[in-house]
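Sequential numbering of the sequence shown, starting at 1, is according to the numbering used here. No residue lacks a Cβ here, since even glycine has one placed at the ideal position from N, Cα and C. Report on the following structure.
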Amino acid sequence: MAEDMNLEDAKIGEEYIVRDITAGDEELKSFLFSLGCYSGEPITVISHIKGGCVVSIKDARYNIDTDLAKAISI
């Protein structure tokens, strides 16, 4: 796996482990944590869509925008 990848670079259908979240906003980090998106957790990109991507975290699907996808290192 390449170093410094984020969700924008992820292949569809492949499971990755969240390494870090580089969002500067603590409220955003708390929101992601509440979804189950935090360091060490598996995440899968279901599809890339215009303006972001659809991800699967703990058997739930979420639509996240490009900026947020870039902030999640895998």
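- Per DSSP, the beta-bridge partners of Thr-44 are Glu-15, Ser-56.
- With fewer than 16 other Cβ atoms inside 10 Å of its own Cβ, Ala-60 counts as exposed.
- In the three-state DSSP reduction, Ser-73 falls in the strand class (E or B).
- DSSP places Asp-4 outside both helix and strand once states are collapsed to three, so it counts as coil.
- According to the DSSP secondary-structure assignment, Tyr-62 is paired through a beta bridge with Val-55.
- Within the model, the alpha-carbon separation for Lys-70 versus Ala-23 is close to 9 Å.
- Rounded to the nearest angstrom, the Cβ distance from Leu-32 to Ile-74 is 13 Å, too far for a contact under 8 Å.
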